[in-house]
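**Q** Dropping the structure in here first, questions after.
Protein chains: 2
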Amino acid sequence: MGRSRVDAAVEELLSRVVSGTYPAGTALPGEAALASDLSVSRLTAREATRVLVTRGVLSSRQGSGTYVNEPEAWQDLGSLVALARHDGSEREVGLALLEVRRMLEVGSAGLAAARITDDRLQAMESAIAELRRADADDDVDAAAAADLDFHNHIIKAASNPFVSVTFAPLRDELVVARRITSSCHKVRAHAVTQHEHILTALRLGSPDAAQAAMRAHMDQTTNDLLEYIT
Amino acid sequence: MGRSRVDAAVEELLSRVVSGTYPAGTALPGEAALASDLSVSRLTAREATRVLVTRGVLSSRQGSGTYVNEPEAWQDLGSLVALARHDGSEREVGLALLEVRRMLEVGSAGLAAARITDDRLQAMESAIAELRRADADDDVDAAAAADLDFHNHIIKAASNPFVSVTFAPLRDELVVARRITSSCHKVRAHAVTQHEHILTALRLGSPDAAQAAMRAHMDQTTNDLLEYIT
Chain A
1 MGRSRVDAAV EELLSRVVSG TYPAGTALPG EAALASDLSV SRLTAREATR
51 VLVTRGVLSS RQGSGTYVNE PEAWQDLGSL VALARHDGSE REVGLALLEV
101 RRMLEVGSAG LAAARITDDR LQAMESAIAE LRRADADDDV DAAAAADLDF
151 HNHIIKAASN PFVSVTFAPL RDELVVARRI TSSCHKVRAH AVTQHEHILT
201 ALRLGSPDAA QAAMRAHMDQ TTNDLLEYIT
Chain B
1 MGRSRVDAAV EELLSRVVSG TYPAGTALPG EAALASDLSV SRLTAREATR
51 VLVTRGVLSS RQGSGTYVNE PEAWQDLGSL VALARHDGSE REVGLALLEV
101 RRMLEVGSAG LAAARITDDR LQAMESAIAE LRRADADDDV DAAAAADLDF
151 HNHIIKAASN PFVSVTFAPL RDELVVARRI TSSCHKVRAH AVTQHEHILT
201 ALRLGSPDAA QAAMRAHMDQ TTNDLLEYIT
């Protein structure tokens, strides 16, 4: 069975949970009815259900079917973001994601200052050059990619596998917001300047300066979000 | 099929990956051979494999079997911790986990200072009282539980569902280390004092004071770890 068919069924099933078609606390329809609701095979419906069970969105109860869990029990950031997007605004979701991002990125910048290698500093300089070029060419996709690339280097430079894996689900969600704000030249220009400040602090090897520079960048990103996303 | 049988098979299969019996980059044995290796049914072996595929530890390739991914691709904190415990010392693992914990707990204390309710402040006071009682009675289990309870309140008081879900995998891992350090009276006494400082800052509604108090507590916890875990 194609992975993408299951993925599409997971997305559709999740969107039915999020929109209240299958509300928290209730049982899902039986496998045949669910497959028919989702217009997929029973096997695909079963696989999609299993995926959402592992994410904590659904629970299988022996002999009694599959139930929708309360959101407090969900173990998957992406599912909670989908729910928040349905219930609130893109702006609220973006601000809440930024609160977590700030914790992990400011902390990582501090660790990175003491642990970063020359090769990585060079790669970050290239990411800034690429952001500058993409800005000049008004190439939004390339600008968003260069921006994320810069930030990924900092997470990696923290040299702690637990930081990377904790940050990973957030990264996927950040791509969406970054593509929106990256379409504005002013935001890209801010990012170039602030990435340069962060890089300077990392070169100095100063955890305090790196954290302060990242904090300033997160403040600016919060302001961008308030200004450009509704 | 009992959930616990699959869980046990997942743990056994993961430990074989972690110990190098099934090294990264190689294919797992076929389903029948794997079931026999793990002394479980084929159905249980298949379920266990599926769980580790969703965690990014394994990959299924259409028509070609199941492969062990490089740890960089693993998406699950618990699996990475198991690997780190195999390759390193409990102390190294604990210090690396504390680096992530510090980011999320210091940040959450800051958010909590502005958002916490009177009910929750009261519940945190009870958690401190319980820790004090457990310390006096030398009740290690109760001390560890009261300690975690206090910290869970802060994560919840940050009032951001994305913070909670990001922190959740860490909490499971912290239980182990906390039970070791909680067996020492001096560590418990430190925790009582520092929890009181954090609570005072939260009562004042000062994000800076709450972050500073949590930072001091994380410093102390790091020292405890260096002193009591090898």
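Going line by line, the protein sequences match chains A and B.
Residues in the first sequence are numbered consecutively from 1, following UniProt numbering.
Residues in the second sequence are numbered consecutively from 1, following UniProt numbering.
Quick reminder that beta carbons are idealized off the backbone N, C-alpha and C, glycines included.
These figures come from a predicted structure and were not determined experimentally.
(1) Under 8 Å, with one C-beta from each stretch per pair, do the stretch 90-98 of chain A and the stretch 218-226 of chain A reach the 3-pair mark?
(2) Please report the distance separating the alpha-carbon of B:Ala-24 from that of B:Thr-66.
(3) Mind listing which residues of the stretch 102-132 of chain B have their C-beta closer than 8 Å to chain A's C-betas, in chain order?
(4) If the cut-off is 9 Å on Cβ atoms, which residues from the stretch 141-171 of chain A count as contacting chain D, listed in chain order?
(5) Would DSSP call A:Met-1 helix, strand or coil?
(6) For A:Gly-65, does the three-state DSSP call read helix, strand or coil?
(7) By the 9 Å beta-carbon criterion, what residues does the stretch 204-225 of chain A contribute toward chain B?
(8) Considering only their Cβ atoms, is the gap separating A:Leu-202 from A:Ala-112 smaller than 8 Å?
(9) In chain B, which residues lie with their C-beta within 8 Å of the C-beta of A:Pro-71?
(10) Roughly how many angstroms lie between the CA atoms of B:Arg-133 and B:Asp-147, to the nearest whole one?
(11) Can you say whether A:Glu-72 is buried or exposed, counting buried as having 16 or more other CB atoms within 10 angstroms of its CB?
(12) Compute the distance between the beta-carbons of B:Ser-159 and B:Arg-115, then report whether it is under 8 Å.
(13) With a Cβ-Cβ cutoff of 8 Å, do B:Leu-28 and B:Leu-58 count as a contact?
(14) Identify whether A:Ala-209 lies in helix, strand or coil by the three-state DSSP scheme.
(15) Just the chain B side, please: which residues come within less than 9 Å of A:Val-51 by C-beta, in chain order?
(16) Identify the residues that DSSP records as bridge partners of B:Leu-58: which are they?
(17) Kindly list the residues whose CB is nearer than 7 Å to the CB of A:Gln-75, restricted to its own chain and excluding five residues on each side of it in sequence; keep chain order.
(18) Tell me the DSSP secondary structure of B:Ala-27 in three-state form.
(19) Tell me the DSSP secondary structure of B:Thr-21 in three-state form.
(20) Kindly list, in the order they appear in chain B, the residues whose Cβ is closer than 7 Å to that of A:Leu-77.
(21) Is there a C-beta anywhere in chain A that falls below 8 Å from the one on B:Leu-97?
(22) So B:Val-163 and B:Ile-155 are supposed to be a Cβ contact under 8 Å. How far apart are they, rounded?
(23) Going by Cα to Cα distance, which pick from A:Asp-137, A:Leu-83, A:Thr-26, A:Gly-63 is closest to A:Glu-12?
(24) Please state the DSSP three-state secondary structure of B:Gln-75.
(25) Would you kindly report the start and end of the unbroken alpha helix (DSSP H) that includes B:Val-176?
(26) CB B:Met-124 to CB B:His-153, shorter than 8 Å?
(27) Hey, B:Asp-135 and B:Ala-143: beta-carbon distance below 8 Å or not?
(28) Could you say which of A:Ala-157, A:Thr-181, A:Thr-21 lies nearest to A:Ile-229 if we only look at CA atoms?
(29) Within its chain, find whatever has a CB closer than 6 Å to the CB of B:His-195; leave out the 5 residues flanking it on each side and keep chain order.
(30) So if I threshold CB-CB distances at 8 Å, which residues from the stretch 11-36 of chain B count as touching chain A?
(31) Closest to A:Met-218 by C-alpha separation, out of A:Thr-26, A:Leu-97, A:Val-17, would be which residue?
**A** Looking at the atomic coordinates:
(1) They touch, by the three-pair rule.
(2) If you take the alpha carbons of B:Ala-24 and B:Thr-66, they lie about 11 Å apart.
(3) Among the residues of the stretch 102-132 of chain B, those with a Cβ less than 8 Å away from any Cβ of chain A are Arg-102, Met-103, Leu-104, Val-106, Gly-107, Ser-108, Leu-111, in the order of the chain.
(4) Given the protein chain composition of this structure (A and B), no chain D is represented.
(5) Because the pLDDT of A:Met-1 is 47, which lies under 50, any placement of that residue in the model is unreliable, and the number read from its coordinates should be weighed accordingly. The DSSP-derived three-state label of A:Met-1 is coil.
(6) Strand, per DSSP.
(7) For the stretch 204-225 of chain A, the set of residues with a beta-carbon nearer than 9 Å to any beta-carbon of chain B is empty.
(8) In contact: A:Ala-112 and A:Leu-202 (Cβ atoms closer than 8 Å).
(9) In chain order: Pro-161.
(10) If you draw a straight line from the Cα of B:Arg-133 to the Cα of B:Asp-147, it comes to about 12 Å.
(11) Result: exposed.
(12) Contact flag set, yes.
(13) Yes, the Cβ-Cβ distance between B:Leu-28 and B:Leu-58 is below 8 Å.
(14) A:Ala-209: helix per DSSP, three-state reduction.
(15) Taking the beta carbon of A:Val-51 as reference, the chain B residues within 9 Å of it are Thr-54, listed in sequence order.
(16) Paired residues: B:Val-68.
(17) Excluding positions up to five away in sequence, the list reads Arg-55, Gly-56.
(18) Of the three classes helix, strand and coil, the one that applies to B:Ala-27 here is strand, per DSSP.
(19) In this structure, DSSP gives B:Thr-21 a state outside helix and strand, which the three-state scheme calls coil.
(20) At a C-beta separation below 7 Å, A:Leu-77 has these neighbours in chain B: Phe-162, Val-165, Thr-166.
(21) Chain A contact via Cβ: present.
(22) That belief holds up - the Cβ atoms of B:Val-163 and B:Ile-155 are roughly 6 Å apart, short of 8 Å.
(23) Cα-wise, what sits closest to A:Glu-12 is A:Leu-83.
(24) If DSSP states are grouped into helix, strand and coil, B:Gln-75 belongs with coil.
(25) It spans 161-181 - the alpha helix (DSSP H) in which B:Val-176 sits, taken as one unbroken run.
(26) The answer is yes: Cβ separation under 8 Å.
(27) Yes; because the gap between Cβ atoms is below 8 Å, this pair is in contact.
(28) Checked all of A:Ala-157, A:Thr-181, A:Thr-21; the closest Cα to A:Ile-229 is A:Thr-181.
(29) Cβ within range, chain order: Ile-128, Phe-150.
(30) Of all residues in the stretch 11-36 of chain B, none has a Cβ within less than 8 Å of some Cβ in chain A.
(31) Out of A:Thr-26, A:Leu-97, A:Val-17, the CA that lies nearest to the CA of A:Met-218 is found in A:Leu-97.
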